[in-house]
Every structure is written in C-alpha cells, then in structure tokens.
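Residue numbers (my numbering), protein chains in the order written: chain A, 20 to 292; chain B, 20 to 292; chain C, 20 to 292; chain D, 20 to 292. Virtual Cβ for every residue (Gly too), placed ideally from N, Cα, C. Report on the following structure.
There are 4 protein chains.
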Amino acid sequence: MIGRSRDRVNAAVQRALVVQLGGASGTLASLGSDGPAVTAALARQLELNVPEMPWHTHRDRIADVSAALGIACGSLGKIGRDLTLLAQSEVAEAVDTGGGGSSSMPHKQNPVRAVTAITAALRAPGLVSTMLSAMPQEHERAAGGWQAEWLTLAELIAITRQSAEAIAAALGDLRVDTSAMRAHLAIHGGVAMAEALSAALAAHVSRKDAMGLVETLVRTAARDRRSLQEVATGDPDVSRWMSATEVDRVFNPENFLGSAGAFVERVLQRWEM
Amino acid sequence: MIGRSRDRVNAAVQRALVVQLGGASGTLASLGSDGPAVTAALARQLELNVPEMPWHTHRDRIADVSAALGIACGSLGKIGRDLTLLAQSEVAEAVDTGGGGSSSMPHKQNPVRAVTAITAALRAPGLVSTMLSAMPQEHERAAGGWQAEWLTLAELIAITRQSAEAIAAALGDLRVDTSAMRAHLAIHGGVAMAEALSAALAAHVSRKDAMGLVETLVRTAARDRRSLQEVATGDPDVSRWMSATEVDRVFNPENFLGSAGAFVERVLQRWEM
Amino acid sequence: MIGRSRDRVNAAVQRALVVQLGGASGTLASLGSDGPAVTAALARQLELNVPEMPWHTHRDRIADVSAALGIACGSLGKIGRDLTLLAQSEVAEAVDTGGGGSSSMPHKQNPVRAVTAITAALRAPGLVSTMLSAMPQEHERAAGGWQAEWLTLAELIAITRQSAEAIAAALGDLRVDTSAMRAHLAIHGGVAMAEALSAALAAHVSRKDAMGLVETLVRTAARDRRSLQEVATGDPDVSRWMSATEVDRVFNPENFLGSAGAFVERVLQRWEM
Amino acid sequence: MIGRSRDRVNAAVQRALVVQLGGASGTLASLGSDGPAVTAALARQLELNVPEMPWHTHRDRIADVSAALGIACGSLGKIGRDLTLLAQSEVAEAVDTGGGGSSSMPHKQNPVRAVTAITAALRAPGLVSTMLSAMPQEHERAAGGWQAEWLTLAELIAITRQSAEAIAAALGDLRVDTSAMRAHLAIHGGVAMAEALSAALAAHVSRKDAMGLVETLVRTAARDRRSLQEVATGDPDVSRWMSATEVDRVFNPENFLGSAGAFVERVLQRWEM
C-alpha cells in the first residue's frame, strides 16, 4: 500500500508538470500567432510539459496531486493506527522505542511518531475536500477557487512528508515482542486457534459439522474456564479423528501461518522493483 | 479536463479490480499451503487481478477510485458553473434549451442540468473526504472504516454518472448567442479590447509605454462616457503609429482570437485518441 | 444571517470557556479529595467556568466553536459570491470601489475582498470536517485527534476574521448602480415584470387565467422581439381590465417592491438589539 | 457530552423552525402590502416562527442543524471507539453482550453497535462539510447549493439516529469486567500506580524529588522484572517515609480514585436537569 501510494504521488506530480500560459483570457491573443511557440519555449526553460491548451481554471491535475497525497496520508495513517493499537499497555506487542516520554507517567513511552501519522490522516481528508471544492472555477479566472488551493496544497505536502518520515523512523525503531504475541494467542482459553481446529477437523467431517463441533467446545471451555486445547483433547468427538499429539500440533500457532510468508515475499519483490 | 477525468476513473477502476481473499486473519491459514492457488483460481473466475497479498484493510485502491470520481465531478462542475454564469439573464450568451421551466416566472428557462453538475460537485468533496477518513483501518478488519465506505462510494458513483449525463445533454442542447457575446465586448466603452490595443501599440513603443498610454485612454473613455475606440482614434499619441483603419482592425474581436482555434484543434485530437 | 452568525460564534465560545484539569487519567487522583476545589480555584484565576468533569477527550465544545466559525464563513461567503456576481462586467450593478487592479487589464477592478470571503468559505468546510473527524478521541488521551485540532482551529479563526473584515470593508466601499439595475429589468423585453403583470391581472380574473394570459404575452413578445409592456398594452384581453396607464404603473418596478422595505427595517431593528 | 449534544441539536432545530415565504424574488411583491400578514398566518398554520425576512438563500440555520447533528455523531463516536478498544481480546474490560457473531470465528462477539457509531462518526464530517460548502447560495435562488443539501441533511439525521440508538443499546447491554480492569493495573509490574506513589511520597519530599525517586524505582522494576510495589517496599529511600502497610495502601487502586465519584455525581445531576 505504501509503495502504491508513493507511485501514485509520483505519477500525479509527473502529470501535473505542465506549463500554464494563457494571457488575459486564455487565448494568448496578445502574442498573435506565436502563442504555441512561446508556450513551448517557456516549457523547455522551466522543464515542464506542454498542455493541449491553457489550463488556468482546469484544476484536475492539481486536484489529482492532492488526492494522491491524501491517499498516501491515509495509507501511512493505517500503519500509525496499528502502531498505537500494538503499543497499548495491555497489548504491548510492538513498541516504537524512539517514542516520546510522558510528563506525568515516567514509565510510559508515547508513540509520538505513530500519532504524527494519525494526525496527518485526520487532517488530509478535509484538505483534499477543499481542493475538490475549489475545482469548479469560473470561466478563465476563478473568484476564490484558485486562492483556496494555495495554503491547502502546501499543508498537504507538508503533512504527507511529516507522516512518511515519522512512519519510516518508527518502523526502523520498532521493537516487536514475539513472546507477548504468543501469549495473547493463549488468552481466553486459546480460542484464537478455534479456526485452526475447525480446519483440521474439516479434513475428517464436513466443514459445517467441524464448525458446529468447535463452537460447542469453545462454549464448554468458556463455561468451565478451561483452555480450548484441553477441552478439545478430552472430547470424544475430537479424539475419534485426532490424537492428542495432532491436537497439540494444531494449537501450535507456527503451524497456522498459512501464506503469510509467501505474501511478505511477494510484497518485498514488488517494492524492490 | 473531461477526457483526463474519464481516463483517471478508468485507470483507477482497472487498478482496483483485484480479488480479496484473506480468511479470518489475512493469512489464508485454513487453506494450508493452497492459499495462493485458491486465490488465483478465484480471481480467474471473477475476472479480477491477483494482489500481492490480501488487502482487506489496505483501502488505497478504493480511495483512489473515489478520488477519481470526485475529480470527475469537480471537472464537470466547472462546466456546470460556467453554464449557469452564461445563462444569467444579464449575460445570456449560452443557454441549455433543454432546461426546466420556472413555476413563478413563465419566461425563465432554468439551467437544471448545469445545476445537477454543480450539485454533484458540491457533494463529491465531502463524500471523498469520508473515503479518505475511513482509510486508517485497524489490523486486518476495521471497526467502522469499512462500513463507512459502502453508501459513500455508491453515492459517488451515482452522482458522477448523473453529472456526466447532465452535462453531455446540456452541451448537446446548448444554444450559443454569438451576437450577445459580441455585444458584451462593446460594453463599458469596449474596454475589453484594451489588451488588444496595448499589444498593437507595443509593436511601436515599449510594452510599458503602451500599457501606460492605454490606461490613460481607458480613464478618458470612462470619464467622458465615450467608447475606447473613439477615444483611441482621436488620440494624437495613438495616431502617430496607427491609422483609424488600423485602430478599427484592432477593435474587431475576430482579429484577437489568438491561439484559441489551435487550442481547440489540439484538444479535439487528444479526445479522439 | 451575519448577526446570527456572530451570535452563534459568541455563544459557542462562551460555552467553551471551561477549565480543563484532569491529571494523568482524568480523575485528579493525585490531588486526593481536593480535586474539585483545586479545579475551581484554577478556573477563577483563569476566568473560566468549571465543568462537571474533566473533558480532555470530550471535544464537543471545541467542535461547536469550529462549526460556528464555519457557518460564519459560509454566511460571509454568500455575500462574497453575490458581490462577484454583481461585479461581472455584463451585470455591474454593484462594485467594491476598494478592489484591486488587474495586471493585464487596466480597466478592471477585481473584487479581491469578495474573493477573500469566497476563499474562506471554500476552506472552512474542510477545516470543520477535520475538527469533527477528530472528535472520537480515545479514552482519556487521544492518539492524534487532539493534535489534528491545533492548526485547524487556528486557521478557522484566522480565515473567519479575514473574511469578516473583507466583507465589512467591501460593503463600506460598495457603489451601487441603480440605473444599471433598472436597465436590467428591461432586458429580454422586460419579462422580469411578468409576475407583476400576473398579480395585477389576478385582481380581475382567476390566478390561473392570469398566468396563462401572461405566458402567451411573454411568448408573443419574445417571438416579435417587442417589449412585454408594449404587447400587453395592445392586447385586447389585457385592455378589457386595465388601461394603458394602469399597465404602465404595473411595469414601473418601484410599484413592485412588495415588503422589501419592511424586511430591511426588521433586520436593522434586530441587528441593533 | 451526550447531554450537551442532545441540547445542541434541540436548540438548533428550534431555531430553524422558521417559515420561508418569499415569492419569485424574495420580496413577496405579488402580495402587495399583505406580505408580512400572509407570512404570519402561514407560520401560525404550520406552527413555525416568523423570520425577519425571507431566508431562501440564508442557510445558516440549516447548516447549524447539520453541525449539531455532526457534533452529536462525533460525541457518540467517541463512546463507540472506546467500546471497541475495551472489547479487544487483549483488553476485554467491557463488552457489549448484544453484539453480533463472527462467521469465521465462533468465539468472537463483534461490537457491531459500537461500529455503527464509529461509522456514523466517519460519515458525518463529510456530510457536514457538504452542508457548509452549499452555504454561499446565489442571490435569492441558488444554482446547486440548495439541491446539495437535500439528501445530505436526510442522511445526517438518519445516521445520528442510528448512532444514538446503537450506543444507547450497547451501553444497556454492557458487561464490565472489573477483575480484568484490576488485573491490567498490575501488568508491567504495576507501573500504572507510579503516579499514586509519587503523590504519596510528595507529602514527605519535594514533588520533584518524589518523581525522580519513582522514576528510578520504575527503571529498577523493569530491569529486574519485579513489581514496582515490591521494589518500592524494599527501597530504603521509600521506607524512610512509608511503612510496608502504607506502600500497600498506595498500590490499592481503590485508594486512588480521586474525584471520579464526584465527577460522575455531577454529570448525573446535570443529565437529570
């Protein structure tokens, strides 16, 4: 998502690099028949592309850049939000070790860089909406639409950069606590592995029966405050198909990673392209 | 602008046509090692592309579609706004002859189709901002972000279509009043041609002197409530360089169209590509 | 509308002037049982009101201030838009004589202060939406929501002030051209007075018949490019009920001002309250 | 916050209940001098208030209603977000027992009603921004602004109602797990009580020294993976001022509730007013 966001910003900026020269009313009339030639020369000097026609009140390219920046902020904000969720005291599965301190709570490490990304993701939608609202610009010179873009686009650029830098730094300083992750799989009697058990049982009975059986086991575990694995191992319907060792294997999360590794590989390959 | 908006929507939709299959936590764990193969088969059947990884909470592609729709609404809204400005009773240079009637004013033809486009351009920015606000979705399943998109995206699609159809129809039924256009160039003493006069004089004196001279003439014309052409023809500083016939030529707007024709040609060529 | 907008901002600010003191987790626990007393003393010193409880993540009062500012910008923007419409060359019924000049068109007086108000009205909705988006703040200390408000609220305050000052100045320098207004009532054959004629005829025939008759007269006038008054005066169905003098009276716009004066009186009284 | 949001909506609706009657151009000219009397009679029949003047393009009252609804959605969304955070498997301090089931995870109770409120809080800002964007309406009849409000206001009303109902129901069905809350205070060595320890020590040494001492203890506890209480009890600098029993008292969260009870009392009183 971050790679696509980067590509989207680059492509939109590239498309927006077109010279604007229109004269008083967009016809370059005061240049006589030299309008296109002068435009081309100016574009060469500024290293910009030449548009089909002056575009002073055709703001789609500018709006497109702002939208790409807004989408980048939203993408980075998703990481920011996940980082704050992972950093909660009760979760603490991953923490940005470069975070800020807390004035009243000496033990806390505030995820200030994730917060920077969340802040940008909260501000970007309103800023992009201003850029879109400013699009219907009058005739060949807008009354207000143009001016509304100036500070708005500048802020979008600034917060996107801040957000990208913050997330890059936070991910570089991230300390992942795999033992906390493993421990959390065991809470509530290890019911997080219920799907793994269903999948294993579905090799022997119908998927519907497997899910029904697991649902009963989950309820029993919750009622008796026992672990799902313990309840499953002792259950006659389970042991008809699976030995205790097989159940044990099912409850080992490392055997239930699915295609996670393959997905990560593919994303890394795409990123390096 | 409309051609680019159409291309942008098409490209964003094309990029968004990727299958989503992730299972309970985005790893396709319950499919064992068959995750990628099942995903590919599903994509084939649905005629969708295969993503690098499940993307349930990676909403950039959806947000991109919404932004492209929002930009299309803004582009169409620009035409809509210009149509309402041109249709004002005091302007009346172009009118949508398929417009609606007025209940209390039998003589009025309301530009209802331009208004449809303006309405869409007013609504789209807020809807796009909702799509962007919904982007920071939690972990592998959002609490609210996903749901906020449903009606919002549907409405964006609906109003973009309504707007495009309305503008296409309005432009098809447009009656342009060129005599009104020509008449308006003559109002306020024909000062709209001041730039043309400056440009003509700048062939003989410096651009600065030309502008200064024209500014004086414009003030004289305003003070004496005479036409700028009349004042210019009788002015000794002008007649030193230009005959009355040459001044007359300058004040004929047809000689001051500049590159308008060339621009239109280029746009039409680009559109047909 | 401007008076109500001012009152709304004042009331929202008044309601928002409440002290915030909550300690690390919003309970003032480190102050023992002195929390309420310390809060009250702090409020006295800062000349703020005392809230029922700490409100660090209860942002409704701040959002309310931002909404009141946004509504003020929208109200001022309505005046700004009308000023730009009135200032169009083809309309020119009212012009801000303190407007800015145009670099390429020496005769133009750009309505820069109206544009300031339109710009503010274009930016305010996005800024208010950011304030509202930031409202769902986590527990007793937000991760991002709080920070997103800072610059956003500051900008809302700044643009509201700029807009109010610009409109106040523009209205103070407004030059109204009543002769242009009167002249525009006569364009298109004076059909703007069609409703006045309907109303006068409705004293003699049914409202439906009056409207039908006027519609026919309007069409005749348009077809023959004559004025509606001329067509009406010569029409036997009209002259059955109204003399030429009476028709003349109907077409005098001063006799068709309705309750405009009474409305203005009431608004002025309300404003002075 | 919810009480204030309710009051704000009621007040805005009350202020918006004013009749609109203006005729073709807002002067009620076709009613002669009877305009005000007819307006008053219509208002009586519709049980609406009488405005100072027709307000067809003065949309501040409507915008105010929309803003009040948006603020209500934001306020309810804050509760919704907190509910989803409390319902996380790793937290599980409070759960909406009326939540929905999960198709792939039989043990999960999804906080669907909190999600309804979050969805509304995500959609409301964009909808309110549309209402504000639509405010600058032209002259006495808008070209688009008016139409943009219709569906937008209707949706704001609908989602505010859905959100309020969902949160009311969720809070009614809320099961709070106080033992989980107490257990979480003990995680990470009980450092959540660090502020309580600082406050107790500050009765004997300066506040600065107290905080410095506690910071050292927190670091020692983290390094040695011992509880903060244990480290504090064995620390000579602490035992100079506090007995083990006194330290024990400090680490009992029930002795560190501060003014929480008083705050709740006040809010309840205010609500019942």
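- Residue contact with chain A for residue 286/D: absent (no Cβ-Cβ distance below 7 Å to any residue of chain A).
- Residue nearest to residue 28/B within the set 44/B, 37/B, 89/B and 45/B is 89/B (criterion: CA-CA distance).
- In this structure, the CA atom of residue 227/A is about 52 Å from the CA atom of residue 274/D.
- Between the alpha carbons of residue 163/C and residue 191/D lies a distance of about 29 Å.
- The Cβ atoms of residue 145/D and residue 24/B lie no closer than 7 Å to each other.
- Within the DSSP bridge table, the entry for residue 37/D names 68/D as partners.
- Judged by their CB atoms, residue 38/C and residue 62/C are nearer to each other than the 7 Å cut-off.
- Taking 7 Å as the upper bound on Cβ-Cβ separation, chain B lies near residues 162, 163, 164, 166, 167 and 171 of the region 155-186 of chain D.
- Assignment of beta-bridge partners to residue 113/B by DSSP yields 195/B.
- With the criterion set as a beta carbon lying under 8 Å from some beta carbon of chain A, the region 67-92 of chain C has no members that meet it.
- Residues of the region 103-118 of chain D whose Cβ lies closer than 7 Å to any Cβ of chain C, in chain order: 104.
- Not flagged as an interface residue toward chain C: residue 58/A, since no C-beta distance is shorter than 7 Å.
- Setting aside the 5 residues that flank it on each side, residue 179/B is surrounded in the same chain by 88, 91 and 92, each with a C-beta closer than 6 Å to its C-beta; the list follows chain order.
- Per DSSP, residue 107/A is not a residue of any alpha helix (DSSP H), being assigned neither H nor E.
- CA-to-CA, the gap between residue 193/B and residue 186/B works out to about 10 Å.
- Among the residues facing chain C, residue 148/B is included, as its CB has a counterpart in that chain under 7 Å away.
- Chain B has a Cβ within less than 7 Å of the Cβ of residue 152/C.
- Chain A has a Cβ within less than 7 Å of the Cβ of residue 214/B.
- With fewer than 16 neighbouring CB atoms inside 10 Å of its own CB, residue 225/C falls in the exposed class.
- For the set 169/D, 207/D, 141/D and 142/D, the Cα lying nearest the Cα of residue 111/A is the one of 207/D.
- Nearest to residue 45/D by alpha-carbon distance, out of 292/C, 281/C, 288/C and 287/C, is 281/C.
- Rounded to whole angstroms, residue 261/C and residue 47/D show a C-alpha spacing of 22 Å.
- Only residues of its own chain outside the window of five on either side were considered, and among them 270 have a CB closer than 6 Å to the CB of residue 212/A, listed in chain order.
- Judged by DSSP in its simplified three-state form, residue 271/C adopts coil rather than helix or strand.
- Less than 7 Å divides the Cβ of residue 272/B from the Cβ of residue 204/B.
- When the Cα atoms are used, residue 252/A and residue 263/A turn out to be separated by approximately 6 Å.
- As summarised for the region 204-290 of chain A, the continuous alpha helix (DSSP H) elements at least 4 residues long and confined to that stretch are 213-220, 226-243, 247-252, 255-258 and 263-269, given in chain order.
- The beta carbon of residue 203/B falls within 7 Å of a beta carbon belonging to chain C, placing the residue at that interface.
- The beta-carbon of residue 138/B is placed less than 7 Å from the nearest beta-carbon of chain D.
- Contact check for residue 96/A and residue 43/A: beta-carbon distance about 43 Å, past the 8 Å limit, so the pair fails to qualify.
- Within chain A, the residues 108, 109 and 111 have their CB atoms less than 9 Å from the CB of residue 206/D, given in chain order.
- Going by DSSP, residue 148/A is part of the alpha helix (DSSP H) stretching over 131-152.
- Classified as exposed, residue 255/B has fewer than 16 neighbouring CB atoms from the shown chains inside 10 Å of its CB.
- By the 16-neighbour rule on beta-carbons within 10 angstroms, residue 195/B is exposed.
- Separation of residue 249/B and residue 117/C (C-alpha to C-alpha, rounded to the nearest whole angstrom) is 28 Å.
- When rounded, the separation of the alpha-carbon atoms in residue 64/B and residue 133/D is 36 Å.
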